[in-house]
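Residue numbers (our numbering), protein chains in the order written: chain A, 1 to 584; chain B, 1 to 135.
All residues carry an ideal CB built from backbone N, CA and C; glycine is no exception.
Predicted, not measured: the structure shown is a model, and the values here were computed from it.
What follows is a single structure, written as C-alpha cells, with notes after it.
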Amino acid sequence: MTFVPATLLPLTVAIPMVFCAVLLATAHLLPSRVPDILALLAALAVAILSAVIAVQAADKPLVYWFGGWEPRDGVHLGIGFSVDAASGWIAAFIGLLYALTFVFAWGFFDRTHGHFHILMLLFLAAMVGFCFTRDMFNLFVWFEVMSVAAFALTAYHLAESSLAGAINFTVVNSLAGFLMLGGIGLIYAQTGTLDFDGIAAAVAQGGRSPVVAGAFCLVAAALMIKGAIVPFQFWLADAHAVAPSPVSVIFSGSMVSLGLFGLAKVSAVVFGGSDQVQGALPALLIGLGSVTALLGGWMALLQRHLKRMLAFSTISHAGIMLTGLGALSAGGTGGMLVYVVGHGLVKGALFMIAGILLATQASIDEIALRGLGRRIWPAGIAMALAGFLLCGLPLGALDQGTRLVQGALSQQGHGIALAATAIGAALTGAAVLRAAGRIFLGLGPDPGDEAGAPSADEREKANRPLWLMLAPCCILLAVDIVLPPDLIAHALPRAVSAFTHRPETGPLGEGPGWLPWFSVAAALAGAGYGLFRKRLPPVLVRPVHVTQSAPTRALEILHSGLIGDYAAWLAVGVAVIAAVLAMV
Amino acid sequence: MSAVTNVLPYAVAAWLFGVGLYGIATSRNFIHLVGCLGVCQSATYVLLLGLGYRWGSIAPIFYDHPPGTPAVDPVMQALVLTDIVVGATLTALLLVLTVQAYKRGGSLDPGKLRPMRAGGQTDRDRSSDRGRPAA
C-alpha cells in the first residue's frame, strides 16, 4: 500500500475534535493533570502533521474530497480540503502556538473538568479547518466554530469586565458571521457553486456584476471584523484585555491574523477574476491598513492596562499585514504570510509575560507595577527583547515579513503606507519598551496621558513556578529568531504562487535597510519620552502635550466600550467598503 | 414574475438587517439587544431563501415526483438550516452571558456594564473570585 499524503488532511481537524470529545466524556473522572497532557499531545500532533503536509505540498497543493465526492465534468458537489505549502506552514505554526500555550497554562485552570482544554481544542480544530478548506460554506462553518469557542473562552472567568468584554465581542462577531453568510449566499446564487476554484472560474467568465461586488463587500467586511481593521477594531481591545492570558495569546497570536489570512485567500483565489474587486483592493486595503496601523499604535501608547496595550498593538500590526495584502504582489502577500507567523510568535510571548506579571505580581496595571518586576528580571529581558523585535529590530521572522511588506509597498510607490508601517511598528514598540522600563527597571515617576486610561484590578492564579511560565515564552521568541531567513526567502515565491493561484515571479524584493532601524530608534525615543517626560526641557514637552492631548482624549472617548457605538461604526465600515467598490 | 416580487426578498432582507442594526446601536437593555441580533439574523434567512427559491417548483424531494422535475435549490436550505443552528447557539450563549453579567453588575444596561470603564463597578471587591469559574 502506498502512502498517500492527502489522506492526512482530515486528520489535522479530526485529532483535536476526537480529543475534545474524549475529554468531554471523561474529564471529570481523570486526575487533574491528564487533560493538560492530552491537550498538549493533540496540539503537538496537529503541529507535526501540518508540517509534514506542508512539506509534501511544496510542489503541488494536496487535495482531499470528503466522502470521495470529487468534481465531475466541472460540477463541484463535494466539500474538499486543499492545502498549499503556505497554508500548511501557517497551520503548523498555530499547532505550535497552542502546544506552548498549553504548557504556559499548565495547572492554570484547576477545578474545571477540562472545559478550558475542550474549548481550546475545538478552537484549534476550527482554525486548522479554516486554513485548509476550499469551500466557501465550509469556511463560514469554521469561522463560526472559531467564534463560538472564542466567545466562551473570553468569558471564562465570569467576572464583570470579562462578561462585558465577551458580550461586545460576541455581538460584533455574530454580525460578522451574518454578513459573511449573506455574501456567500449572493456568490452562490451568481455562480452556482461553493467551491473556491468553481467560483473563481465562474467569476472570471461573468464579467462585471454588482452581485459579485456585493458578495465581496460582505465577505470582506466579515473577515476584516475578525482581523480588527479600523473601523471594526473596537471589539478587540475589550475582548483581548479581559480574556484569561493563555486565551489572549491565541487571540492575538493567531485568531486576528487568521481573519486577514482568510481575506488574502478569498480575495486572491475566489475573487481573483473580478476586475472590479481587484481594482478596488489596493486603495481599500492600503488605506484602511495604514489608518489601522497608526491608530492602533497611538492607542497602544496611551494604555496602562498591559493586556489592553498589547491588544491595541495587535490592531496596529493587523493594519501592517493588510497593507502588505493591498500591494497585490507576490512580495506583499508573501511578506504578509511571514509576518503572520513572526507577529504571532512575538505577540504570543508578550501576552505570556503579561500573564506572568498577573500571576506573580497580582497586577496588570503598568503604573501600579512600577519597579515590582525586579525580582523576576528574566521576564524583563524577554519583554525588552520582544519589544525590540516588535518595533523592527532586524532579526528573525517578524523582521523578514516587515521587510518584504515594505519592499512591496516601496516598489509600487505607496510612500504614505510605507511610512505608516514604520511608524505603527515604532509606536507599539515604544509602548512595550516603556512598560518594560517602568515595570522591570522602576523608571519614570510621572505617568502622563496613560494615567487616565481604563484599567481594572485583575489576578490570575499564582500556583505555577516562574520557569514553567517563562520557558514557553522564551521558546516562542527563540523560534522567531532562529527561523532560517534564507530557506524562507528561497521557498516563498513558489509558496505564494501556489497560495494565490498566480504564476511564479522571481525573488521577492525587500524594503530599504534603514527603515527598521528608523522604527527602532523612534520606538526608543518614544519610550524615553514616556518615561522621562518630567526631566526633559519644557520647550520639548509642551508642544507635544498641547498638540496631542485633545485628539488623545477624543480617541479614548471613541473607544467607549458601548456596543451600540460599535454597531454604528460597523455600518460605517461596510458603507466605506461598498463605496470604494462602487467607485471602481 | 414581476420586478416587484424579484426585488422584494432582497429589499426585505436589507431592511431587516438595517432595523436590527439600528436596534443594537440604540439598545439600552441586553435582552432587547439579543432580540435585535435575532432580527439581523432573520435578514440572512430571508436573503438565502429568496436566492434559492424557484417559482412553480417543488420541494427538493423526489419520492413522488419523477427525477428532473424543477425543484427549489436544496443547497440554500442546507445553508439556512446551519444558520438556524448557529443562531440558536449564539442566542443561548449571549443570554447566559447576560444572566451572569446581571448577577455580577446588577444591571442590564450596556452603558453600565462597559468593560474596565467608569460606570460599571470595580472588580476590586470581587477579586477573590478570579481564576475560578462559577460552577
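### Message
At the 9 Å Cβ level, is G528 (chain A) part of the contact set with chain B, yes or no?
### Response
no
### Query
Can you tell me whether G131 (chain B) is buried or exposed, with buried defined as 16 or more other CB within 10 angstroms of its CB?
Because the pLDDT at G131 (chain B) is just 37, under 50, the model does not fix this residue reliably, and the value given afterwards should be weighed accordingly. Per the 10 Å Cβ criterion, buried.
### Task
Can you grab the Cα-Cα spacing for the pair S127 (chain B) / Y156 (chain A), in whole Å?
With a pLDDT of only 37 at S127 (chain B), under the threshold of 50, the placement of this residue in the model should not be trusted, and no figure is reported.
#### Entry: Selection of the stretch 421 to 454 of chain A by Cβ proximity to chain B, strictly under 8 Å
P454
### Task
Can you give me the start and stop residues for the beta strand (DSSP E) that W65 (chain A) sits inside?
L62 to W65
### Task
Give the range of the alpha helix (DSSP H) segment to which F630 (chain A) is assigned.
This structure cannot settle anything about residue 630 (chain A), because the visible part of chain A is limited to 1 through 584.
### Message
Quick check: is the beta carbon of R117 (chain B) nearer than 9 Å to any beta carbon in chain C?
### Response
No chain C appears in this structure, whose protein chains are A and B.
#### Entry: Sub-9 Å separation of Q406 (chain A) and L483 (chain A) beta-carbons
The answer is no: Cβ separation not under 9 Å.
### Query
DSSP puts I58 (chain B) in a beta bridge; with which residues?
B:A71
### Task
Closer than 8 Å, Cβ to Cβ, to anything on chain B: give me those residues from the stretch 163 to 178 of chain A, in chain order.
L163, A164, G165, A166, I167, N168, T170, V171, S174, L175, G177 and F178
### Query
In angstroms, rounded to a whole number, what distance separates the CA positions of M136 (chain A) and V219 (chain A)?
10 Å
### Task
Decide if G107 (chain A) is buried, meaning its Cβ has at least 16 other Cβ atoms within 10 Å, or exposed.
With fewer than 16 other Cβ atoms within 10 Å, it is exposed.
### Task
Could you tell me which chain B residues have their CB closer than 8 Å to the CB of V219 (chain A), listed as they occur along the chain?
Under the 8 Å cutoff, chain B gives no residues; its nearest Cβ is about 13 Å from V219 (chain A).
### Message
Considering only the alpha carbon of each residue, which of A:R370, A:A368, A:A25 and A:L328 lies closest to Q412 (chain A)?
### Response
Comparing alpha-carbon positions, the option among A:R370, A:A368, A:A25 and A:L328 lying closest to Q412 (chain A) turns out to be A:L328.
#### Entry: DSSP bridge partner residues for H305 (chain A) (one or two, in chain order)
A:D365
### Message
Beta-carbon within less than 6 Å of G88 (chain A)'s beta-carbon, same chain only, minus the 5 sequence neighbours each way: which residues are those?
### Response
S50, I53, A54 and A57
### Query
Along the chain, where does the alpha helix (DSSP H) that runs through G177 (chain A) open and close?
E160 to T191
#### Entry: Sheet register partners of F81 (chain A) (DSSP bridge)
A:Y64 and A:T133
### Task
Give me the Cα-Cα distance between I286 (chain A) and H28 (chain A), rounded to the nearest whole angstrom.
50 Å
### Query
From L325 (chain A) to G272 (chain A), what does the alpha carbon distance come to, in whole angstroms?
13 Å
### Message
Let me confirm a value: A11 (chain B) is counted as buried when at least 16 other C-beta atoms fall within 10 Å, else exposed. Which label applies?
### Response
exposed
### Query
Roughly how many whole angstroms lie between the Cα atoms of V34 (chain A) and F19 (chain A)?
12 Å
### Task
Specify whether the stretch 59 to 67 of chain B and the stretch 25 to 38 of chain B touch according to this definition: at least 3 beta carbon pairs, one from each stretch, less than 8 Å apart.
no
### Query
Once you ignore the five residues that flank G437 (chain A) on each side, which residues in its own chain have a CB closer than 7 Å to its CB?
L443, G444, A527 and L531
### Task
Report the rounded CA-to-CA distance for Y566 (chain A) versus A221 (chain A), giving the unit in angstroms.
14 Å
### Message
Can you confirm whether V75 (chain B), when its beta carbon is compared against all beta carbons of chain A, has any partner nearer than 9 Å?
### Response
yes
### Selected residue, minimal CA-CA separation from G68 (chain A), among A:I250, A:A6 and A:D84
Closest by alpha carbon: A:A6.
### Query
What did DSSP end up calling D601 (chain A) once you bin it into helix, strand or coil?
Only positions 1 to 584 of chain A appear in the structure, and residue 601 (chain A) is not among them; the question remains open.
### Task
Can you give me the Cβ contacts of F196 (chain A) inside the same chain, cut-off strictly under 6 Å, excluding the 5 residues immediately before and after it?
R134, V269 and V270
#### Entry: Which listed residue (A:A453, A:P485 and A:A498) has its alpha carbon closest to that of R117 (chain B)
A:A453
### Message
Once DSSP output is grouped into helix, strand and coil, what is the label at S128 (chain B)?
### Response
Residue placement at S128 (chain B) cannot be trusted, given a pLDDT of 36 that sits under 50; what the coordinates show is reported in the next sentence. Note: S128 (chain B) maps to helix in three-state DSSP.
### Task
Let me know if S410 (chain A) comes out buried or exposed under the rule of 16 or more other beta-carbons within 10 Å of its beta-carbon.
Of the residues assessed, S410 (chain A) falls on the buried side of the cut-off, its CB having 16 or more other CB atoms within 10 angstroms.
### Query
Looking only at its own chain, which residues have a Cβ that is under 8 Å from the Cβ of L81 (chain B), when we skip the five neighbours before and after it?
none
### Query
Given P378 (chain A), which residues of its chain have a CB within under 8 Å of its CB, disregarding the five upstream and five downstream residues?
Shown here for P378 (chain A): same chain residues with a beta carbon closer than 8 Å to its own, the five before and five after excluded, namely L466 and L470 in chain order.
### Message
So for V230 (chain A), helix, strand or coil by DSSP?
### Response
coil
### Message
At the level of alpha carbons, what is the spacing between A134 (chain B) and Q100 (chain B)?
### Response
Confidence in A134 (chain B) is poor, its pLDDT being 38 and thus under 50, which makes the residue's placement too unreliable to answer from.
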